[in-house]
Structure formats: structure tokens, C-alpha cells
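Under numbering that gives the first Met the number 0, the letters of the sequence shown match residues 0 to 104, in that order.
Every residue, glycine too, gets a C-beta built ideally from N, C-alpha and C.
Working notes, structure below.
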Amino acid sequence: MALADVNGDGKIDLVFSGSPLGGEHDPVGVGVCFGNGNGTFASPVFYQLGNDSGFGSVIVGDFTGDGIPDIVAVGTSGIWLFTGQGDGLFNPGQLTPVTNIPLGP
């Protein structure tokens, strides 16, 4: 998971990878929980990792050079980039295929 202010309100938000439902065959992706500023977070907004069945690390940063936070996530198919829209929402993920990505220790 990662902590960052993705919507520009000065409050820390939570970004995580996983499944919103927690089941073995549920879709996987990244979730964004906006911070309430008091140590609690709103319910997540979920962005699916295409048809990937596994997930790994998530990183928040400005990967496109536009000054807006983006999310990079590792899936079984490769690296996913979710570009930020500037208001804490993200565009659907774009996949860069990579083979042999280890997702565990």
C-alpha cells in the first residue's frame, strides 16, 4: 500500500492493491481511499487490473510529468499505469506487458 495526497486536499489518502471483495476469484486492482483528515478513510474507489489474476506492489508518483499523482501497480501480466485526472480520480489502467514478474517472496 501507499500513502499520498492524490486529490490535492492536503489530507493523506490510502492507495492499495488487492481485491475489493476478498474472494479468490474476484477481480484484482487498486483501491483509493480518500483521507478524512482525522485518521479515518472513505470507502475505496476501485480500479481493476484488466484480467490479471494476481497483484503486487503499488506506487504513487507523477510518472507522466504533468504534476498530477499517478498510480503504478504490478500485475501478473505486467506493469499497470493509472494516470491521474487531478481530482483524485484515475483513468483506466494501461498495461505494459512484462514476463516473469515475481509477486511473492
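Asked, Found
"Residue 73 versus residue 27 - alpha carbon distance", "11 angstroms"
"Residue(s) in a DSSP beta bridge with residue 94", "79"
"Start and end residues, beta strand (DSSP E) containing residue 73", "69 to 74"
"Where the beta strand (DSSP E) through residue 41 begins and ends", "Counting along the chain, residue 41 falls outside any beta strand (DSSP E), and DSSP gives it neither H nor E."
"Inter-stretch contact (C-beta, 8 angstroms, three-pair minimum) for the stretch 49 to 61 and the stretch 75 to 88", "yes"
"Under the three-state DSSP convention, the category residue 2 falls into", "strand"
"Of the listed residues 69, 92 and 63, nearest to residue 5 (C-alpha basis)", "69"
"Candidates 84, 58 and 56, of which the one nearest residue 106 by Cα", "Lying outside 0 to 104, the shown extent of the chain, residue 106 is not represented and no answer is given."
"Which residues DSSP lists as bridging residue 27, in chain order", "Paired residue(s): none; residue 27 is not in a bridge."
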